[in-house]
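Participant: Protein chains in written order, with numbering that gives the first Met the number 0: chain V, 0 to 447; chain E, 0 to 447. Note that the Cβ used here is the ideal one computed from N, Cα and C, for glycine as well. Please find one structure pasted underneath; my questions will follow.
There are 2 protein chains.
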Amino acid sequence: MKKINPTLPKGTRDYGPIEMKKREYLFSIFKNTFSLYGFNPLETPSIENMDVLNGKYGEEGDKLIFSILDSGDFIKNVDQIEKKDSNKLKREISKKGLRYDLTVPFARYVSMNRDKITLPFKRYQIQKVWRADRPQRGRFREFYQCDVDYIGTQSILCESEIIELVYAIFDKIQIKNISIKVNNRKILYGISEVLNFEESFDKCCILIDKIDKIGKEKFNNELEKIQFSKKQIDGLNSVLFFEGSNKEKLIFLKDFLSKSNKGLEGLRSIEKLMKLSKKFDFDVSLARGLSYYTSSIFEVVIKDEKIGSLCGGGRYDDLTEIFGYKNISGIGISFGIERIYQIMNEEGLFPKNIINSKTILVSCLSEEFMTNSLKLASKLRENNIKTDLYPDNPKLKKQLQYANNNSIPYVVIIGEDEVKSNLFTLKNMISGKQEKLSLEEIISEISS
Amino acid sequence: MKKINPTLPKGTRDYGPIEMKKREYLFSIFKNTFSLYGFNPLETPSIENMDVLNGKYGEEGDKLIFSILDSGDFIKNVDQIEKKDSNKLKREISKKGLRYDLTVPFARYVSMNRDKITLPFKRYQIQKVWRADRPQRGRFREFYQCDVDYIGTQSILCESEIIELVYAIFDKIQIKNISIKVNNRKILYGISEVLNFEESFDKCCILIDKIDKIGKEKFNNELEKIQFSKKQIDGLNSVLFFEGSNKEKLIFLKDFLSKSNKGLEGLRSIEKLMKLSKKFDFDVSLARGLSYYTSSIFEVVIKDEKIGSLCGGGRYDDLTEIFGYKNISGIGISFGIERIYQIMNEEGLFPKNIINSKTILVSCLSEEFMTNSLKLASKLRENNIKTDLYPDNPKLKKQLQYANNNSIPYVVIIGEDEVKSNLFTLKNMISGKQEKLSLEEIISEISS
């Protein structure tokens, strides 16, 4: 048998038992809260047809889609193998790819099932996505995304509910001091109308999105490079960096945008939201990179910390149009659960006891008492106590070491004395305390 | 924008909200029971390096692995594009593939992490696998597998615990009348020694594995085809189809195998297991297709029903050897959760109330009462009641229809009367009953 060196593909990870328990804890908070807010789960396949994926993520994104080679004799029917042209060849030998995000598959699902679903349709989706990105520290090629979306309603109540949902979740995972920044793409467009740069609107949005990273000065330099006049730059600065409360910003912008219908429309949406919620920061300098957002946009950050956004989202006019299903407005937010996991891990926000807190190891000193061990384990499990059973009979020290390495807090020891007396030795692995107890006493000790 | 017809790749499925809830119910029973038995979760990447996958599943299996095209200019460094030879070309342009099962990645994980893990290592794994199989009714190219394994112990206690675990799970999901068939590959090998067909052992195992499908007569015909003598066939029939209790089989086989050390070794293992468990059926005609099983093998079926096996597994001497980690005995069982799901669905074994049983829809009759709806929803959620909020204000009939389509059992209606009186109309969608209640009364009605 040829030996193989076991390796993982670049940018992928195994999740071992401890990491899995933390992830399951985090995911269960997300799932329970989504369900408390009336969202239902959805899963789509990891594989999508290439024509569903291609052209949805921009030129750069398309390059990062993992392609799956067609099955069987894939080269047989390729008339001309265009030597050295990977792109042309790829289209001929690969008709499927791995899911790149959760939004496009969701739009595909809604379009395919339009006759079966009731609008408004609310779903959450926690699944892996794959990107052939250059792997870097903290950046992976396979990772989880977590999206929540409404589709088929234009109500501002959705914006308000999403804000509530974000607070509910961050409250439960104990990441404090968050700020939900809200803006409206229509306001940004209104500004471009007032300052006469509608034709550079998209470019300008991409720059605004980078202000946090590049700073105000470089931002203005970049505007100059794309031919913004001093007057335009000053005007843009006055509105983007206007400081004040949500209300003061509203008053200022009502005046600033007075000649732009679209701008005022965006402003009315913010105003409506203010009536429903006080829990967001109106931030005119929020732009979001993705071009499909057409109205409300939001981002969640930790105040006074430069670790980037933890969630982002917005309202899109018509994501399902490409699949032939028109006039379906939607709104969604994507929780960056990989980053959130990282923060919780670094800051020790996972409960200390999620790993094996109510677990017991039944350890057995001799093969002759195996049946007794089995019976005891079975009784403990009937009482819903997580019970591991050491399968062999090495020295007790090794069995206790096993409990320690697996963070199992209790060990029950069965030897000759225990079998005779029907009293079992229970060792608390944290305090070191050891006492002889009956089965009932053990159950009550651990369940308490 | 070019319109695209939304389609799914062959052999893949979306899981909509109702299917998801059923799946989550089923998976949670599995996870909770595994954890009650001291197994910990593990997840491995969907993508594995091709040299980890290739050569592990037999020639036929290798062909069914989905290959991922290398990123970037994959054809650039391919010196010779071997026209029309897909196999050679594939090796040059695809270094990764999709996970084909959960066993090989587990062996890879254990081998890579041998310095970090404590033996015996117990894990469960519920993840998707992909096979480029011909899609058929009930057969998919992407589906979940669910495996439980011990690695690093030879103890017969593992066999006994797995039997307990199987019963615990089938008891909870209420599939009744199961039988756990157990055999030992060493017994089969012993039979081949006694009857002198060691050199045809593997071929014969594959045939024995098919007896259920092809019947006794065809089985014997096939044996003739591979040059079995009448004496060999008669001998094999006498032992495979011997009827009796576990104990009677044991006595018969002790005599039959008296000249085969290996056979007697397998028999001793069965004998030991009988001392620990009475819950299995010793079945000499059980062979299992996979060649890596070397000792105990088992299969779970529903008695008197011809729907094939629901679980299968066995003990393997050394699955990690290929990755350079030697002498590590393991044992595992794979639950066919896709088939189990199908049976539960067909037989109505999912609880009637898993879909939105404790859910309420807050419906709002006019935009002016939106804030009241929001507040009410927020109070209900604080009391852990799953609350959906209708985001728009169409006619009540449409909102009730929404509740019906989503199987939401309660609707609370907010209009002018309700806001004035602070008493809300609660409609039970199943009984049709409608009453005016205070917030506290609603909470107690739904929580009860």
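With Leu425(E) as the anchor, note down where its beta strand (DSSP E) starts and where it stops.
Facilitator: Position 426 of the second sequence holds residue 425(E). Unbroken beta strand (DSSP E) run through Leu425(E): 423-427.
Participant: What are the boundary residues of the beta strand (DSSP E) that includes Phe297(E)?
Facilitator: Residue mapping note: residue 297(E) aligns to position 298 of the second sequence, counting from 1. Start and end: 295-301.
Participant: Counting beta carbon pairs with one atom in the region 390-398 of chain E and one in the region 356-363 of chain E, are three or more of them shorter than 8 Å?
Facilitator: Two segments are said to touch when three or more pairs of C-beta atoms, one from each, lie closer than 8 Å; by this definition the region 356-363 of chain E touches the region 390-398 of chain E.
Participant: Can you find at least 3 beta carbon pairs, one from the region 282-301 of chain E and one from the region 179-186 of chain E, that sit closer than 8 Å?
Facilitator: Here the region 282-301 of chain E makes contact with the region 179-186 of chain E; the two share three or more CB pairs at distances below 8 Å.
Participant: Assign Phe281(E) to one of three DSSP states: helix, strand, or coil.
Facilitator: Within the second sequence, residue 281(E) is the residue found at index 282, counting from 1. It is a strand residue.
Participant: Establish whether the CB of Pro408(E) and some CB of chain V are separated by less than 9 Å.
Facilitator: Working through the second sequence from its first residue, we reach residue 408(E) at position 409. By this cut-off, Pro408(E) is not an interface position.
Participant: Label Ser430(V) either buried or exposed according to how many other C-beta atoms from any shown protein chain fall within 10 Å of its C-beta, with 16 as the threshold for buried.
Facilitator: Translated into positions along the first sequence, residue 430(V) becomes position 431. By the neighbour-count criterion, in which a residue is buried when 16 or more other Cβ atoms sit within 10 angstroms of its Cβ, Ser430(V) is exposed.
Participant: List, in order along the chain, the chain V residues whose C-beta lies closer than 8 Å to that of Asp387(E)?
Facilitator: For the purposes of this step, residue 387(E) is identified with residue 388 of the second sequence, where counting begins at 1. Ordered by position in chain V, the residues that pass the 8 Å Cβ test against Asp387(E) are Tyr36, Gly37, Lys121.
Participant: Return the first residue and the last residue of the beta strand (DSSP E) that Arg122(E) is part of.
Facilitator: The residue labelled residue 122(E) in the question sits at position 123 within the second sequence. Segment 120-129, the beta strand (DSSP E) holding Arg122(E).
Participant: Keeping to the same chain, check which residues put their C-beta closer than 7 Å to that of Ile225(V); ignore five residues upstream and five downstream.
Facilitator: To locate residue 225(V), count along the first sequence from 1; it is residue 226. Only Ser199, Lys202 meet the Cβ criterion.
Participant: Straight-line CA distance for Leu504(V) to Ile442(V)?
Facilitator: In the structure as shown, chain V begins at 0 and stops at 447. Residue 504(V) is therefore absent and cannot be evaluated.
Participant: Could you tell me the distance, in whole angstroms, from the CA atom of Leu222(V) to the CA atom of Ile232(V)?
Facilitator: Along the first sequence, one-based indexing puts residue 222(V) at 223. Along the first sequence, one-based indexing puts residue 232(V) at 233. Annotation: Leu222(V) to Ile232(V) spans about 7 Å, alpha carbon to alpha carbon.
Participant: Three or more C-beta pairs under 8 Å: does that hold for the region 149-168 of chain V against the region 21-40 of chain V?
Facilitator: yes
Participant: Below 8 Å, how does it come out for the region 108-121 of chain E and the region 59-75 of chain E: are there three or more Cβ pairs, yes or no?
Facilitator: no
Participant: Compare the C-beta of Cys157(E) against all C-beta atoms of chain V and say whether one is closer than 9 Å.
Facilitator: The residue given as residue 157(E) occupies position 158 in the second sequence. Chain V, which has a Cβ nearer than 9 Å to the Cβ of Cys157(E), makes this yes.
Participant: Report yes or no: is there a C-beta of chain E within less than 9 Å of the C-beta of Ser45(V)?
Facilitator: Here residue 45(V) refers to the residue found at position 46 of the first sequence. For Ser45(V), the answer is yes, since a Cβ of chain E falls inside 9 Å of its Cβ.
Participant: On the three-state DSSP scale, how would you describe Tyr71(E)?
Facilitator: The residue given as residue 71(E) occupies position 72 in the second sequence. Looking at the sequence provided, one finds Gly at residue 71(E) rather than Tyr. The answer is coil: DSSP assigns Gly71(E) none of H, G, I, E or B.
Participant: Pull up the distance between the alpha-carbon of Ile321(E) and that of Ser93(E), whole angstroms please.
Facilitator: The residue labelled residue 321(E) in the question sits at position 322 within the second sequence. The residue labelled residue 93(E) in the question sits at position 94 within the second sequence. So the two alpha carbons sit approximately 22 Å from each other.
Participant: Return the residues of the region 183-195 of chain V that lie within a Cβ-Cβ distance of less than 9 Å from chain B, sorted by chain order.
Facilitator: In the structure shown, chain B does not exist; the protein chains are V and E.
Participant: For the region 204-253 of chain V, which segments carrying the alpha helix (DSSP H) assignment without a break, of at least 4 residues, lie completely within its bounds, in sequence order?
Facilitator: 229-239
Participant: Measure the alpha-carbon distance for Asn427(V) versus Thr370(V) and round it to whole angstroms.
Facilitator: Sequence index remark: in the first sequence, residue 427(V) carries index 428 (1-based). Sequence index remark: in the first sequence, residue 370(V) carries index 371 (1-based). The straight-line gap from Cα to Cα measures roughly 23 Å.
Participant: Could you tell me which chain V residues have their CB closer than 8 Å to the CB of Ser362(E), listed as they occur along the chain?
Facilitator: Here residue 362(E) is taken as the residue at index 363 of the second sequence, counted from 1. Neighbours of Ser362(E) on chain V: none; closest Cβ ~12 Å, over 8 Å.
Participant: Here's the rule: buried if 16 or more other CB atoms are within 10 angstroms of the residue's CB, otherwise exposed. What is Thr386(V)?
Facilitator: Here the question's residue 386(V) lines up with position 387 in the first sequence. Buried, by the Cβ-count rule.
Participant: Just to make sure I have the definition right: I need the residues of chain V whose C-beta is within less than 9 Å of the C-beta of Ala286(E). Which are they?
Facilitator: Residue numbering aside, residue 286(E) sits at position 287 when the second sequence is read from its first letter. The premise fails here: Ala286(E) is roughly 23 Å from chain V at the closest Cβ pair, so nothing lies under 9 Å.
Participant: DSSP beta-bridge partners for Arg314(V)?
Facilitator: To locate residue 314(V), count along the first sequence from 1; it is residue 315. The secondary-structure analysis by DSSP pairs Arg314(V) across a beta bridge with Ile330(V).
Participant: Determine the DSSP secondary structure at Asn76(E), reduced to helix, strand or coil.
Facilitator: Taking the second sequence and counting its residues from 1, one reaches residue 76(E) at position 77. Secondary structure at Asn76(E): coil, using DSSP grouped into helix, strand and coil.
Participant: Note down the Cα distance separating Gly60(E) from Leu52(E), rounded to an integer number of angstroms.
Facilitator: Counting from one through the second sequence, the residue named residue 60(E) turns up at place 61. Counting from one through the second sequence, the residue named residue 52(E) turns up at place 53. Distance between the alpha carbons of Gly60(E) and Leu52(E) is about 10 Å.
Participant: Curious, which full-length beta strand (DSSP E) runs of at least 3 residues does the region 165-191 of chain V contain?
Facilitator: 177-183
Participant: If you measure from the beta carbon of Phe73(V) to each beta carbon in chain E, is any gap under 9 Å?
Facilitator: As a working note, residue 73(V) is residue 74 in the first sequence. Yes - at least one Cβ of chain E is within 9 Å of the one on Phe73(V).
Participant: Hey, how far is the Cα of Ser259(V) from the Cα of Val283(V)?
Facilitator: Stepping through the first sequence from its first residue, residue 259(V) is reached at position 260. Stepping through the first sequence from its first residue, residue 283(V) is reached at position 284. When rounded, the distance between both Cα atoms is 16 Å.
Participant: Since Leu450(E) is in the beta strand (DSSP E), which residue starts that stretch and which ends it?
Facilitator: Because residue 450(E) is not part of the residues shown, which for chain E are 0 to 447, the question remains open.
Participant: Look up Leu438(V) in the DSSP assignment and say whether it is helix, strand or coil.
Facilitator: Along the first sequence, one-based indexing puts residue 438(V) at 439. Leu438(V) falls in the helix class under three-state DSSP.
Participant: Just checking my contact of Tyr149(E) with Ile330(E) at CB under 8 Å: how many whole Å lie between their CB atoms?
Facilitator: Within the second sequence, the letter at position 150 stands for residue 149(E). Within the second sequence, the letter at position 331 stands for residue 330(E). About 5 Å separates the two Cβ atoms, so the contact holds.
Participant: Name the DSSP beta bridge partners of Pro40(V), please?
Facilitator: Locating residue 40(V) in the first sequence gives position 41, where the first residue counts as 1. Tyr123(V), per the DSSP bridge assignment.
Participant: Could you check where the alpha helix (DSSP H) with Asn48(V) kicks off and where it finishes?
Facilitator: As a working mapping, residue 48(V) is identified with position 49 in the first sequence. Careful: Asn48(V) lies outside any alpha helix (DSSP H), inside the beta strand (DSSP E) at 46-48.
Participant: Kindly indicate if chain E contains any beta-carbon less than 9 Å away from that of Pro390(V).
Facilitator: Position 391 of the first sequence holds residue 390(V). It does: the Cβ of Pro390(V) has a partner Cβ on chain E nearer than 9 Å.
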